[in-house]
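Following: one structure in structure tokens, then a few remarks.
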Amino acid sequence: MSVFRCPNIESYWSKHSLECVRVAMPSKRFYEIKKYLHFNDSSYMKKKGEEGYDQLYKVRPLIDTLNERFNSVPKSPRLCIDEQMPDKPHKHGVKPFVLCDSYVFSYIFELYRGAGDNDVVADAPDLGAYLIISIRHWHCLFISEAEEFMHLVRFVPIDFQIVSSQRTSM
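Here my numbering is used: the first residue of the sequence shown is 169, the next is one more, and so on.
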């Protein structure tokens with residue numbers, strides 16, 4: 169539905185919306201599926217404030233399965249992390265962190281919901297290092313400082329290679 173943006177969900181079935189949405193599925197059926205579609209048993213969900221609470225508990229199996237499938241594809245040597253969302257409409261909504269290649273194929277993604285969303289790694293020097301640690305599945309990682317490397321090696325199984333300082337392109 170995000171391909172054709174409407175101000176609210178009901179607008180997709182209005183008389184002035186695109187016919188392809190109305191023909192594909194009646195609104196009543198959409199709301200019925202939305203009401204009962206779950207990927208995890210809610211009775212096992214931890215309460216907010218309890219240890220192990222996960223805001224994305226209901227969709228965690230879907231996220232894990234997608235990441236597993238994405239990660240099964242051989243990785244390109246040119247990877248990037250995209251986390252900037254300057255036009256994000258909801259300040260307190262979900263912010264995706266995605267490991268992509270130059271063709272924008274996603275290998276791994278993580279949904280960030282706020283400061284209390286993720287466990288903090290002890291002695292993590294900054295958000296950048298924490299993000300690298302939380303992504304967990306790097307194919308290749310280039311680190312310039314020996315101290316950074318030693319810090320990351322404690323938490324992340326990574327592949328690495330020594331590169332000459334005279335090398336200009338990778």
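Ideal placement from N, C-alpha and C gives every residue a C-beta, glycine not left out.
- Drop a sphere of 10 angstroms on the beta-carbon of Glu278, count the other beta-carbons inside from all chains shown, and report buried for 16 or more, exposed for fewer. Walking along the sequence shown from the start, residue 278 turns up at place 110. Result: buried.
- Message: Do Tyr275 and Lys263 have their beta-carbon atoms positioned less than 9 Å apart in this structure?
- Response: For the purposes of this step, residue 263 is identified with residue 95 of the sequence shown, where counting begins at 1. For the purposes of this step, residue 275 is identified with residue 107 of the sequence shown, where counting begins at 1. Cβ atoms of Lys263 and Tyr275: not closer than 9 Å.
- Does the distance from the C-beta atom of Ile177 to that of Phe207 stay below 9 Å? Here residue 177 refers to the residue found at position 9 of the sequence shown. Here residue 207 refers to the residue found at position 39 of the sequence shown. No, Cβ-Cβ distance for Ile177 and Phe207 is not below 9 Å.
- Item | Distance between Lys202 and Met213 (C-alpha atoms, nearest Å) | Position 45 of the sequence shown, counted from the start, is the residue given in the question as residue 213. Position 34 of the sequence shown, counted from the start, is the residue given in the question as residue 202. About 19 Å.
- Query: Span of the alpha helix (DSSP H) holding Cys188?
  - Reply: The residue you call residue 188 lines up with position 20 of the sequence shown. Unbroken alpha helix (DSSP H) run through Cys188: 187-192.
- Expressed to the nearest angstrom, what Euclidean distance is found between the alpha-carbon atoms of Asn235 and Leu247? Position 67 of the sequence shown, counting from 1, holds the residue named residue 235. Position 79 of the sequence shown, counting from 1, holds the residue named residue 247. For Asn235 and Leu247, the distance between alpha carbons rounds to 16 Å.
- Quick one: give me the first and last residue of the alpha helix (DSSP H) that Lys196 is part of. Counted from its first residue, the sequence shown places residue 196 at position 28. Lys196 -> alpha helix (DSSP H) spans 195-204.
- Excluding the five sequence neighbours on either side, which residues of its own chain have a C-beta within less than 7 Å of the C-beta of Ser185, listed in chain order? Against the sequence shown, residue 185 aligns to sequence position 17. So the list reads Cys174, Ser179, once near-sequence residues are dropped.
- Query: Measuring CA to CA, which of Lys215, Phe172, Cys268, Glu219 is closest to Ser244?
  - Reply: Here residue 244 refers to the residue found at position 76 of the sequence shown. Nearest C-alpha to Ser244: Cys268.
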